[in-house]
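Student:
Numbering (this note's numbering), first residue to last: 1 to 690.
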């Protein structure tokens, strides 16, 4: 019965232990949550106090907002103190009793249970040994020891059992205490907390909260009104901006602004990735003074791409891209190829960089000065109706025939043009003279007599100096200088005696390009030799144009812009038969205009001395030919005299032998002599042999 009853008590103790563990975990969660709430409330109060120290990018210096948050921080700080007090009370009145019951009383039951089990096992073992004592031969010593063990184990078991049973009985009372005491502490702590809250939350605080609620409603109404206005603005902008969503808007509706001295926008830049391969990278580009800057996405600031003061910009043809243009620095050492998103951006970028390269941005009103310069260009070049029709029909692509512009010979390009001192404008360039903007040889249209002389314009030039079976015409030339140039245009001129012709041609071609939006320039290699000037395609090495050096009668570079140079070519034939015409060609180089002119001058000097040497050599050969001819005549006369003497001796010998045959022989010899004089030296020998 005792064992059975003990089993019931032990089962009840195990159930109490399991339940108390669950209750302890729940109360511990309450305690942890209260600690977290207390810490979070304190942190909230701290952050509200630090609001006035914050530096918001859009402004955080609202004094009303700051004072309001300070008031909230004060109240929340008081609540945080209340929560801290509540946490302390929960720890003392709720967690401590249940923790004591769990750690002390329940563990004591488990310990006593283990001790009772050990004592019971020892008693059972002692009884077993005592039962095995022999009845035949009794050993008093062994019997005494076994009896002592039984006594000790039985006493120990009995004492342990009494303490264990007492603890089990006491557990029933402690169970009630451990359940009620924590709950009582929890409720008392909550009541104390609410009392402190009621003391802190006064009527003045309620009035403050009411005012704050009214302010929040006012802010919400203002926000709703602002959102409605923004929605209306968005709808209006969507309707007005619909054409701007097109990547390439119509330039007739949205014309390009040509007076800009600042521009920014996205461009695609070409980067070389190999010998013939390249990649394109999209970046944001902007001008800053005389510098072109770029900024990649995510960068804090832009970086310098190129100094565009005195730079050159031109439209280029890319195999796989549209709207491409090339910017070359003033020294020609650096260049970049960029692509615009639309034709409008493409033209505006070229015009802007052109305006910046003239350093217009340094003035007080740069756009006004740029507009005045462009207006001067409009006045300097007045297109005829026939050109207008042709120009409109050919834009924007370049056709097989070069576009021509009828230009007026009067007018000046603002402050950049100078008065011509030696000759009048009409004596330099005839009015209504067409301008060619492409590299197309004039002999193909106007000078058929020279078509054969320039027939080698399509021959490929070997860049490695190999003849390939045929000897090039410049192989023996001692001068070979190569320059990178861009063709601007050419036109017929009336005079080729003054450098003012070249200056006036430069002015008219640049003005015509500005007014007619001709940005495309063909880049070539100019080869200067002692025989001719050649324009060579840099990619295919095909000779585009050949200018015989003797026909280059005048060459000059611009007085201010040293990148510009030109020369006058005198040709035979032209628009009027049996009349020589002069055509002025204008080029732009990489700041090497003077070097090119010096090279052409050196080539002409070398050619002049070579011509003098050639003429002297020909004169010497002519003298030698005359002397040789005279020597031949003298030798022929001597041979004739010798033949006559020989004939006379033969006649004398024949007359002495036979008088009758003498006459016949004399007749034969006479006829032979007359024939010998006609036959020459070979005939005489043949006659003698006969």
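Ideal placement from N, C-alpha and C gives every residue a C-beta, glycine not left out.
Candidates 313, 320, 333, 332: which alpha carbon is nearest residue 326's?
Tutor: Indexing the chain shown from 1 puts residue 326 at position 326. Nearest of 313, 320, 333, 332 to residue 326, Cα basis: 313.
Student: Just to confirm my understanding: we take residue 75, look at its own chain, exclude 5 residues before and 5 after, and list those with CB closer than 7 Å. What are they?
Tutor: Your numbering for residue 75 matches position 75 in the chain shown. Counting only Cβ-Cβ distances below 7 Å, and skipping sequence neighbours, we find 205.
Student: Determine the closest residue to residue 100 out of 178, 508, 53, with distance taken between C-alpha atoms.
Tutor: Here the question's residue 100 lines up with position 100 in the chain shown. The residue with the shortest Cα to Cα distance from residue 100 is 178.
Student: State the Cα-Cα distance for the pair residue 32 and residue 148, rounded to the nearest angstrom.
Tutor: The sequence position of residue 32 within the chain shown is 32, counting from 1. The sequence position of residue 148 within the chain shown is 148, counting from 1. Answer to the nearest angstrom: the Cα atoms are 57 Å apart.
Student: Roughly how many angstroms lie between the CA atoms of residue 483 and residue 329, to the nearest whole one?
Tutor: Here residue 483 refers to the residue found at position 483 of the chain shown. Here residue 329 refers to the residue found at position 329 of the chain shown. Each residue's Cα considered, the two are about 16 Å apart.
Student: Comparing C-alpha positions only, which one of 332, 642, 319, 610 sits nearest to residue 539?
Tutor: Indexing the chain shown from 1 puts residue 539 at position 539. Of 332, 642, 319, 610, the residue nearest in Cα terms is 319.
Student: If you reduce the DSSP assignment to three classes, tell me which class residue 256 lands in.
Tutor: Counting from 1 along the chain shown, the entry for residue 256 is found at position 256. Reduced to three states, the DSSP call for residue 256 is coil.
Student: Assuming contact is defined by CB atoms lying nearer than 8 Å, are residue 606 and residue 527 in contact in what I supplied?
Tutor: Taking the first residue of the chain shown as position 1, residue 606 is located at position 606. Taking the first residue of the chain shown as position 1, residue 527 is located at position 527. In this structure, residue 527 does not lie closer than 8 Å to residue 606 by Cβ.
Student: Tell me which residues share the same chain as residue 10 and place their Cβ nearer than 6 Å to its Cβ, disregarding the 5 neighbours each side in the sequence.
Tutor: Within the chain shown, residue 10 is the residue found at index 10, counting from 1. Contacts found: none.
Student: Below 8 Å, can you find three or more Cβ-Cβ pairs linking the segment 87-103 to the segment 34-52?
Tutor: The answer is yes - the segment 34-52 touches the segment 87-103, with three or more Cβ pairs under 8 Å.
Student: Using only alpha-carbon positions, find the residue among 207, 165, 303, 433 that is nearest to residue 2.
Tutor: Your numbering for residue 2 matches position 2 in the chain shown. Cα-wise, what sits closest to residue 2 is 165.
Student: For residue 225, is the classification buried or exposed, using 16 other Cβ atoms within 10 angstroms of its Cβ as the cut-off for buried?
Tutor: On the chain shown, position 225 is the one that residue 225 refers to. When all chains shown are included, residue 225 counts as exposed.
Student: Go ahead and pull the three-state DSSP assignment for residue 517.
Tutor: For the purposes of this step, residue 517 is taken as residue 517 along the chain shown, with counting starting at 1. Of the three classes helix, strand and coil, the one that applies to residue 517 here is coil, per DSSP.
Student: Keeping to the same chain, check which residues put their C-beta closer than 8 Å to that of residue 82; ignore five residues upstream and five downstream.
Tutor: Position 82 of the chain shown, counting from 1, holds the residue named residue 82. Excluding residues within five positions, the ones whose Cβ falls inside 8 Å are 193, 196, 197, 200.
Student: According to DSSP, simplified to helix, strand and coil, what is residue 311?
Tutor: By 1-based counting over the chain shown, the position of residue 311 is 311. In the structure shown, residue 311 sits in coil (DSSP, three-state: anything other than H, G, I, E or B).
Student: Would residue 133 pass as a contact of residue 146 if the rule is Cβ separation under 8 Å?
Tutor: Counting from 1 along the chain shown, the entry for residue 133 is found at position 133. Counting from 1 along the chain shown, the entry for residue 146 is found at position 146. Going by C-beta atoms, residue 133 is nearer than 8 Å to residue 146.
Student: Which residues bound the alpha helix (DSSP H) around residue 193?
Tutor: Here residue 193 refers to the residue found at position 193 of the chain shown. Residue 193 -> alpha helix (DSSP H) spans 140-200.
Student: Let me know the secondary structure DSSP gives residue 484 once reduced to three states.
Tutor: Within the chain shown, residue 484 is the residue found at index 484, counting from 1. Here residue 484 sits in strand by DSSP.
Student: Any contact of the segment 328-343 with the segment 301-310, i.e. 3+ C-beta pairs under 8 Å?
Tutor: Contact between the segment 328-343 and the segment 301-310 is present, because at least three Cβ pairs lie under 8 Å.
Student: Please specify which runs of the beta strand (DSSP E), each continuous and at least 3 residues long, are wholly inside the segment 282-368, giving them in chain order.
Tutor: Those beta strand (DSSP E) runs which fall completely within the segment 282-368 and span 3+ residues are 291-295, 303-307, 312-315, 324-328, 335-339.
Student: Hey, how far is the Cα of residue 642 from the Cα of residue 626?
Tutor: Sequence index remark: in the chain shown, residue 642 carries index 642 (1-based). Sequence index remark: in the chain shown, residue 626 carries index 626 (1-based). Answer to the nearest angstrom: the Cα atoms are 25 Å apart.
Student: Give the range of the alpha helix (DSSP H) segment to which residue 699 is assigned.
Tutor: Outside the modelled stretch of the chain, which goes from 1 to 690, sits residue 699, for which no answer is possible.
Student: Would you tell me roughly how many angstroms separate the C-alpha atoms of residue 236 and residue 222, rounded to the nearest one?
Tutor: As a working mapping, residue 236 is identified with position 236 in the chain shown. As a working mapping, residue 222 is identified with position 222 in the chain shown. Taking the straight line joining both Cα atoms gives about 21 Å.
Student: Classify residue 576: buried if its beta carbon has 16 or more other beta carbons within 10 angstroms, exposed otherwise.
Tutor: Position 576 of the chain shown, counted from the start, is the residue given in the question as residue 576. Residue placement at residue 576 cannot be trusted, given a pLDDT of 48 that sits under 50; the coordinates are not used to answer.
Student: Can you name the start and end residues of the beta strand (DSSP E) that residue 534 belongs to?
Tutor: In the chain shown, residue 534 corresponds to position 534, counting from 1. Segment 532-536, the beta strand (DSSP E) holding residue 534.
Student: Which same chain residues, not among the five before or five after residue 570, have their C-beta less than 7 Å away from its C-beta?
Tutor: Residue mapping note: residue 570 aligns to position 570 of the chain shown, counting from 1. If we look at residue 570 and ignore the five residues flanking it on each side, its Cβ neighbours are 496, 551, 553, 580, 582.
Student: Where do the ends of the alpha helix (DSSP H) carrying residue 14 lie?
Tutor: Counting from one through the chain shown, the residue named residue 14 turns up at place 14. 2-49 is the span of the alpha helix (DSSP H), which, as asked, contains residue 14.
Student: Please classify residue 273: does DSSP put it in a helix, a strand, or coil?
Tutor: Within the chain shown, numbered from 1, the residue matching residue 273 stands at position 273. It is coil, neither helix nor strand.
Student: From residue 244 to residue 255, what distance separates their C-alpha atoms?
Tutor: The count along the chain shown starts at 1 and reaches residue 244 at position 244. The count along the chain shown starts at 1 and reaches residue 255 at position 255. Distance between the alpha carbons of residue 244 and residue 255: 13 Å.
Student: Only counting the same chain, and skipping five residues up and downstream in sequence, which positions put a Cβ closer than 6 Å to that of residue 523?
Tutor: If you number the chain shown from 1, residue 523 lands on position 523. Excluding residues within five positions, the ones whose Cβ falls inside 6 Å are 486.
Student: Is there contact between the segment 208-217 and the segment 123-131, where contact requires at least three CB pairs shorter than 8 Å?
Tutor: Result no; under three Cβ-Cβ pairs closer than 8 Å.
Student: Mapping the DSSP letters down to three states, classify residue 523 as helix, strand or coil.
Tutor: Here residue 523 refers to the residue found at position 523 of the chain shown. In the structure shown, residue 523 sits in a strand (DSSP, three-state: E or B).
Student: Please list the segments of the beta strand (DSSP E) lying wholly inside the segment 546-590, counting only runs of 3 or more residues, in order along the chain.
Tutor: Within the segment 546-590, the complete beta strand (DSSP E) runs of at least 3 residues are 552-557, 564-571, 581-589.
Student: Closer than 6 Å by C-beta to residue 69: which residues in its own chain qualify, once you throw out the five before and the five after it? Chain order, please.
Tutor: Residue mapping note: residue 69 aligns to position 69 of the chain shown, counting from 1. 48, 51.
Student: What's the C-alpha gap between residue 457 and residue 548?
Tutor: Taking the chain shown and counting its residues from 1, one reaches residue 457 at position 457. Taking the chain shown and counting its residues from 1, one reaches residue 548 at position 548. Confidence at residue 457 is low in this model, with a pLDDT of 41, below 50, so the placement of that residue should be treated as unreliable; the coordinate-derived value is given next. The straight-line gap from Cα to Cα measures roughly 12 Å.
Student: Under the rule that 16 or more other beta-carbon atoms within 10 Å means buried, what is residue 187, buried or exposed?
Tutor: Residue mapping note: residue 187 aligns to position 187 of the chain shown, counting from 1. Exposed, by the Cβ-count rule.
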